[in-house]
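Read in my numbering, the sequence shown has 142 at position 45, and its numbers run on one by one without any break.
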Amino acid sequence: MIIDLSGEPVATPKEFSKPEGNKEMLKLGLEMEKQDIENYRKHAQMAEELDLVELQLQLDEMVSEEAGHAWELRRILKGL
Ligand SMILES: [Fe+2]
98 MIIDLSGEPV
108 ATPKEFSKPE
118 GNKEMLKLGL
128 EMEKQDIENY
138 RKHAQMAEEL
148 DLVELQLQLD
158 EMVSEEAGHA
168 WELRRILKGL
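Right under this line is the structure:
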């Protein structure tokens, strides 16, 4: 989509401190999933405003996938 709009895709890895221990790593993973959900929601909203229905649907699906990941991490953390 970015290329279709004459843009150049750029991917910069997120900076984060390495947590100590499994539980802290899972907590960080959960926070990152929540951040991804928020970002995809914002982009889905932007796609809707631009009437880019297909992109909006793809982003909504990505929100759903990330919400599933977050749910799984919450479930694991609850058992620890
Ligand atoms: Fe994820």
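Yeah, the Cβ is synthetic: ideal placement off N, Cα and C, and Gly gets one too.
Secondary structure note for residue 111: it is in no alpha helix (DSSP H), with a DSSP letter that is neither H nor E. Counting other Cβ atoms within 10 Å of its Cβ, residue 108 stays below 16 and is therefore classed as exposed. Under the Cβ criterion (8 Å, minimum of three pairs), the segment 158–171 counts as touching the segment 128–138. In terms of side-chain proximity, the C-beta atom of residue 128 is found no nearer than 8 Å to any non-hydrogen atom of ligand 1.
Nearest to residue 164 by C-alpha distance, out of 103, 115 and 126, is 126.
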